[in-house]
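Structure first, then comments.
Protein chains: 2
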Amino acid sequence: MIKNIDLEILDRCPDTFVLAVNDTMNVLSGKWKFPIIASLLFGKKRFKELGRDVTKITPRMLSKELRDLEMNGIVKRTVYNTVPVTVEYELTASGKSFKKVMDVMLEWGLEHRKITLHDLEKSPLQTKAS
Amino acid sequence: MIKNIDLEILDRCPDTFVLAVNDTMNVLSGKWKFPIIASLLFGKKRFKELGRDVTKITPRMLSKELRDLEMNGIVKRTVYNTVPVTVEYELTASGKSFKKVMDVMLEWGLEHRKITLHDLEKSPLQTKAS
DNA sequence: TATATCACTATACTTTTGTATACCGGTATA
DNA sequence: TATACCGGTATACAAAAGTATAGTGATATA
Numbered sequence: 004m005i006k007n008i009d010l011e012i013l014d015r016c017p018d019t020f021v022l023a024v025n026d027t028m029n030v031l032s033g034k035w036k037f038p039i040i041a042s043l044l045f046g047k048k049r050f051k052e053l054g055r056d057v058t059k060i061t062p063r064m065l066s067k068e069l070r071d072l073e074m075n076g077i078v079k080r081t082v083y084n085t086v087p088v089t090v091e092y093e094l095t096a097s098g099k100s101f102k103k104v105m106d107v108m109l110e111w112g113l114e115h116r117k118i119t120l121h122d123l124e125k126s127p128l129q130t131k132a133s
Numbered sequence: 004m005i006k007n008i009d010l011e012i013l014d015r016c017p018d019t020f021v022l023a024v025n026d027t028m029n030v031l032s033g034k035w036k037f038p039i040i041a042s043l044l045f046g047k048k049r050f051k052e053l054g055r056d057v058t059k060i061t062p063r064m065l066s067k068e069l070r071d072l073e074m075n076g077i078v079k080r081t082v083y084n085t086v087p088v089t090v091e092y093e094l095t096a097s098g099k100s101f102k103k104v105m106d107v108m109l110e111w112g113l114e115h116r117k118i119t120l121h122d123l124e125k126s127p128l129q130t131k132a133s
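Protein chains in written order, with the numbering used here: chain A, 4 to 133; chain B, 4 to 133.
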């Protein structure tokens, strides 16, 4: 139960909290990190495999997002000494544990859709134009 | 344990899941929505109050983000018939329940910092330049 | 009379994020 | 010989997100 100490600590060291939340936001930021992590939850993948799995992503973005995730300690990149090289991406322990964040996001989203669409009974929620 | 039904359902209706997660992402997208919601968790606020609470935000962004949050059913806007007008913003039920998402984000972030900084024992995690 | 507050909006701009397209050297397959 | 795969990078551009600054009309305070 972190809940109970929340406010108590928040008064004393909000900086720690802000940094922690920023870390989480960095993992979620942008259009592609969520689907990439989701794909890697099914196991280690190679670059092109990810590219096929995460539909519509360009190699440029995939490369960049993987670099970000690696820098943030979410993904581990391993290069094998084959010819040509084999590169494998997999989630770190932290990356795997991020699933619990994704789970509540999904859970809340489903709940929210049910409640809100029923409540407002009108146009769909705001979405990005495709 | 959502875990067990996850994959089963994922195979059948992934669209629902994608939409739900998108909703959650919309609530988190951008620089300001998290702090705005966090502020509103302490109770209803007026426009300028929020502006003071959420440091460094410009009225333009505050206005825009509040409109987004309202459209997404997170915030309720009430105009009172005073002169000059009084406008109050408060979280909807969905908005309040969003706290559980924020809680795991915080929790995961703290955990991740502990593990990762200890693990890598090097430069800090990637952060935006100020 | 001058200044401040309320809840914003308008305009112009910069920065960040994402896309499109082509390309690299080396290897395996047809 | 031609093509495709591997794991990306280079360049140029478009779109989205965010900032800076000023201003609105009415009312209350000094």
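Think of the CB as a built atom: it goes at the ideal place given N, C-alpha and C, for glycine as much as any other residue.
Simplified DSSP state of residue i, which is helix, strand or coil
{"i": "L44/B", "result": "coil"}
{"i": "T130/B", "result": "Here T130/B scores only 45 on pLDDT, less than 50, and its place in the model should not be relied on; the value that follows carries that caveat. Three-state DSSP puts T130/B in coil, outside helix and strand."}
{"i": "V107/A", "result": "helix"}
{"i": "V82/A", "result": "strand"}
{"i": "V30/B", "result": "helix"}
{"i": "T58/A", "result": "coil"}
{"i": "T119/A", "result": "helix"}
{"i": "P17/B", "result": "helix"}
{"i": "V90/A", "result": "strand"}
{"i": "L10/A", "result": "With a pLDDT of 49 at L10/A, under the threshold of 50, the modelled position of this residue cannot be trusted; read the value that follows with caution. Residue state, collapsed to three classes: helix."}
{"i": "I5/A", "result": "In this predicted model, I5/A has a pLDDT of only 46, less than 50, meaning its place in the structure is not dependable; the value taken from the coordinates is given anyway. It is coil, neither helix nor strand."}
Among the options, the one whose alpha carbon lies nearest that of residue i
{"i": "T81/A", "options": "K47/A, I118/A and K36/A", "result": "K47/A"}
{"i": "L94/A", "options": "F20/A, M28/A and L53/A", "result": "L53/A"}
{"i": "E91/B", "options": "L43/B, K59/B and V30/B", "result": "L43/B"}
{"i": "T58/B", "options": "K117/B, M74/B, K36/B and E73/B", "result": "K36/B"}
{"i": "S100/B", "options": "A41/B, E110/B, T61/B and P62/B", "result": "A41/B"}
{"i": "K117/A", "options": "L109/B, A96/B and E114/B", "result": "A96/B"}
{"i": "I39/A", "options": "L22/A, P87/A and P62/A", "result": "P62/A"}
{"i": "N29/A", "options": "K67/A, L72/A, H115/A and P17/A", "result": "L72/A"}
{"i": "M74/B", "options": "K67/A, H115/A and I60/A", "result": "H115/A"}
For residue j and residue i, believed in contact at Cβ under 8 Å, the rounded distance
{"i": "V78/B", "j": "L65/B", "result": "Actually they do not touch by this definition, with Cβ atoms about 12 Å apart."}
{"i": "V104/B", "j": "V107/A", "result": "5 Å"}
{"i": "G112/A", "j": "T27/B", "result": "4 Å"}
{"i": "G76/B", "j": "T119/A", "result": "4 Å"}
{"i": "T89/B", "j": "R49/B", "result": "7 Å"}
{"i": "L109/B", "j": "F45/A", "result": "Not a contact, Cβ separation roughly 27 Å."}
{"i": "L22/B", "j": "L31/A", "result": "In fact, because the Cβ distance is near 17 Å, the residues do not count as touching under 8 Å."}
heavy atom of the ligand COA below 8 Å from residue i C-beta
{"i": "F37/B", "result": "In the structure on display, the ligand COA does not appear, and there are no ligands present to speak of."}
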